[in-house]
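> Heads up: take any position in the sequence shown, counting from 1, add 19, and you land on our numbering.
For glycine and all other residues, C-beta sits at the position ideal for the given N, C-alpha and C.
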Amino acid sequence: MAYVTQVTRRYITETNSPEHAHWNTLYEIGDTVPVSGIYRCQGCGDEITSNAGQPFPPQNRHQHADSSVAVLWQLIVRTKTS
Ligand SMILES: [Zn+2]
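(1) To which residues does DSSP link Glu66 through a beta bridge?
(2) Does the Cβ-Cβ distance between Val26 and Ile57 come in under 8 Å?
(3) Could you tell me the distance, in whole angstroms, from the CA atom of Gln82 to the CA atom of Pro53?
(4) Between the C-alpha atoms of Glu33 and Thr51, what's the straight-line distance to the nearest angstrom?
(5) For Val90, verify whether its CB is less than 7 Å away from any heavy atom of ligand 1.
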């Protein structure tokens, strides 16, 4: 869960393009990060910040005790970076 305060919540805005692929794709280990932001692992709920163009964390940086639970990253907050 990403947190904001009553003061900082004003900087979070619902997107007007939720159909865009980066909102609807689950990314695997080693995939290239499409847009900068906060991503959540579908398998365990951990969150990471990642920058566009970088690879998602490798297997040795994020793994599950139960190896049958896949590591799949979902974009939950896109950041505005220039
Ligand atoms: Zn995980």
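Once the coordinates are examined:
(1) Within the sequence shown, the letter at position 47 stands for residue 66. Glu66 has Arg59 as its beta-bridge partners, per DSSP.
(2) One-based indexing of the sequence shown puts residue 26 at position 7. One-based indexing of the sequence shown puts residue 57 at position 38. Cβ distance not < 8 Å, so Val26 and Ile57 don't count as in contact.
(3) Indexing the sequence shown from 1 puts residue 82 at position 63. Indexing the sequence shown from 1 puts residue 53 at position 34. Distance between the alpha carbons of Gln82 and Pro53: 21 Å.
(4) In the sequence shown, counting from the first residue as 1, residue 33 sits at position 14. In the sequence shown, counting from the first residue as 1, residue 51 sits at position 32. Roughly 24 Å separates the two Cα atoms.
(5) Walking along the sequence shown from the start, residue 90 turns up at place 71. Answer for Val90: yes, Cβ within range of ligand 1.
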